[in-house]
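Please read the structure below before turning to the comments.
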Amino acid sequence: MEGKCEMYGKKLRELRKLEGWTQEQVAKKLGITKQTYSHYENENRKPSLNMIRELAAIYQVNIDDIFAEDDKKGMDSGLTNIPLVGTICAGDGLLAEQNIEEYIYYPFPRKRQPDFALRVKGDSMIGAGIEDGDIVYFKKATWADYNGQIVAALINDNEEGTLKRIRWSADSPLIRLEPENDEYEVIEVRPNEVHICGVYMGHFREEQEV
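Under the working numbering, the first residue of the sequence shown is numbered 1016, with each subsequent residue one higher.
Quick look at the structure:
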């Protein structure tokens, strides 16, 4: 993703001046410091996913409008709208409109576009670098691509899904769903008791503004 922030600065400055706002006024609207907003315009810092959405909202433009035309031509892909779902659920209900909280816009290579995203609750996968509040991207799948892959799973059709590493062995009839935190226990279930909804593709941590 390096270099993407170079597309923002000039356009953000133009939009701000069209509104007749100072950097301080814009920063106040966004709930960030003037220094942080100045970093965006000076191309010293890349805005987070949420901040990109908020910038587009206060300037009343589409997210793509923040990118210069010439810059967009050089990108491998545009900003992909990825549904952020509220809960993990089986079948078509996963991406049902009532289960989508919002759409996340982020550039992904065309061949690696996720099908959906989830916001992590808890710290059971902290050993894998996935923390509470992180946004995790998934490809829809009914089983893991390999033993030990991180998956989004439902156990016994429980409404609350779980994010764990899945492992299986020829020596055991049980499937293991393993956390990446010693404070949590391994979950062992029979194959017919677990439903895989997606496999892990990556995650993102939105920057916290002070």
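Yeah, the Cβ is synthetic: ideal placement off N, Cα and C, and Gly gets one too.
### Query
Taking the Cβ atom as the reference point for each residue, do Leu1045 and Glu1069 lie within a distance shorter than 9 angstroms?
On the sequence shown, position 30 is the one that residue 1045 refers to. On the sequence shown, position 54 is the one that residue 1069 refers to. Yes; because the gap between Cβ atoms is below 9 angstroms, this pair is in contact.
### Task
List the whole-angstrom C-beta distance separating Gly1217 from Val1166, where the pair is believed to meet the contact cut-off of C-beta under 8 angstroms.
The count along the sequence shown starts at 1 and reaches residue 1217 at position 202. The count along the sequence shown starts at 1 and reaches residue 1166 at position 151. 14 angstroms between Cβ atoms; not a contact.
### Task
List the residues that DSSP assigns as beta-bridge partners of Gly1217.
Counting from one through the sequence shown, the residue named residue 1217 turns up at place 202. Per DSSP, Tyr1152.
### Task
With a threshold of 16 other CB atoms inside 10 Å of the CB of Lys1032, please say whether the residue is buried or exposed.
Along the sequence shown, read from residue 1 onward, the residue named residue 1032 stands at position 17. Classification of Lys1032: exposed, given that the 10 Å Cβ count is below 16.
### Query
Nearest to Tyr1118 by CA position, among Asn1207, Arg1191, Ala1042 and Leu1099, is which residue?
Within the sequence shown, residue 1118 is the residue found at index 103, counting from 1. Minimum Cα distance to Tyr1118 is reached at Leu1099.
### Task
Give the secondary structure of Tyr1118 by DSSP, where H, G and I count as helix, E and B as strand, and everything else as coil.
Here residue 1118 refers to the residue found at position 103 when the sequence shown is read from its first residue. Tyr1118 falls in the strand class under three-state DSSP.
### Query
CA-CA distance, Asp1186 and Ala1168?
For the purposes of this step, residue 1186 is taken as the residue at position 171 of the sequence shown. For the purposes of this step, residue 1168 is taken as the residue at position 153 of the sequence shown. Cα to Cα, the separation comes out at about 22 angstroms.
### Task
Could you check the C-alpha separation between Tyr1055 and Ala1042 for me, to the nearest Å?
Here the question's residue 1055 lines up with position 40 in the sequence shown. Here the question's residue 1042 lines up with position 27 in the sequence shown. Those two C-alpha atoms are separated by around 11 angstroms.
### Query
Start and end of the beta strand (DSSP E) containing Leu1189?
Your numbering for residue 1189 matches position 174 in the sequence shown. Here Leu1189 belongs to no beta strand (DSSP E), and DSSP marks it neither H nor E.
### Query
Which value, in whole angstroms, describes the spacing of the CA atoms of Lys1025 and Arg1220?
For this step, residue 1025 is matched to residue 10 along the sequence shown. For this step, residue 1220 is matched to residue 205 along the sequence shown. Roughly 25 angstroms separates the two Cα atoms.
#### Entry: Pairwise C-alpha distance: Arg1028 and Thr1048
Looking up residue 1048 in the sequence shown gives position 33. Looking up residue 1028 in the sequence shown gives position 13. So the alpha carbons of these two residues sit roughly 16 angstroms apart.
### Message
So, for Glu1116: in the same chain, excluding its five sequence neighbours on each side, which residues have a beta-carbon less than 6 angstroms away from its beta-carbon?
### Response
Your numbering for residue 1116 matches position 101 in the sequence shown. These residues qualify, in order along the chain: Leu1099 and Gly1101.
### Task
Tell me whether Ser1139 is buried or exposed, calling it buried when 16 or more other Cβ atoms sit within 10 Å of its Cβ.
Numbered from its first residue, the sequence shown carries residue 1139 at position 124. Within 10 angstroms of the beta-carbon of Ser1139 lie 16 or more other beta-carbons, which makes it buried.
#### Entry: Neighbourhood of Lys1179 by C-beta, 8 angstroms cutoff - its chain only, sequence neighbours within 5 removed
As a position in the sequence shown, residue 1179 is number 164, starting the count at 1. Cβ within range, chain order: Ser1139, Met1140, Ile1165, Val1166, Ala1168, Leu1192, Glu1193, Pro1194 and Ile1202.
### Query
Can you list, in chain order, the residues of its chain whose CB lies under 6 angstroms from that of Ala1132, leaving out five sequence neighbours each side?
Position 117 of the sequence shown, counting from 1, holds the residue named residue 1132. Counting only residues of its own chain and dropping the five nearest sequence neighbours on each side, Ala1132 has a CB closer than 6 angstroms to the CB of Ile1097, Leu1099, Ile1119, Ile1150 and Tyr1152.
### Query
Can you pull the DSSP bridge partners for Val1166?
Translated into the one-based positions of the sequence shown, residue 1166 becomes position 151. Looking at the DSSP assignment, Val1166 forms a beta bridge with Lys1179 and Val1214.
### Task
At 4 residues or longer, and completely inside the stretch 1016 to 1079: list those alpha helix (DSSP H) runs for me, N to C.
1024 to 1034, 1038 to 1045, 1049 to 1056 and 1064 to 1074
### Query
On the three-state DSSP scale, how would you describe Glu1195?
Residue numbering aside, residue 1195 sits at position 180 when the sequence shown is read from its first letter. Coil, per DSSP.
### Task
With Glu1200 as the anchor, note down where its beta strand (DSSP E) starts and where it stops.
On the sequence shown, residue 1200 is found 185 positions in, with the first residue counted as 1. Segment: none, Glu1200 is in no beta strand (DSSP E) and carries neither H nor E.
### Query
Quick one: Cα of Ala1071 to Cα of Leu1064, how far?
To locate residue 1071, count along the sequence shown from 1; it is residue 56. To locate residue 1064, count along the sequence shown from 1; it is residue 49. So the alpha carbons of these two residues sit roughly 11 angstroms apart.
### Task
Give me whichever residues DSSP pairs with Arg1127 in a beta bridge.
Reading the sequence shown from its first residue, position 112 is the one you call residue 1127. Under DSSP, no beta-bridge partner is assigned to Arg1127.
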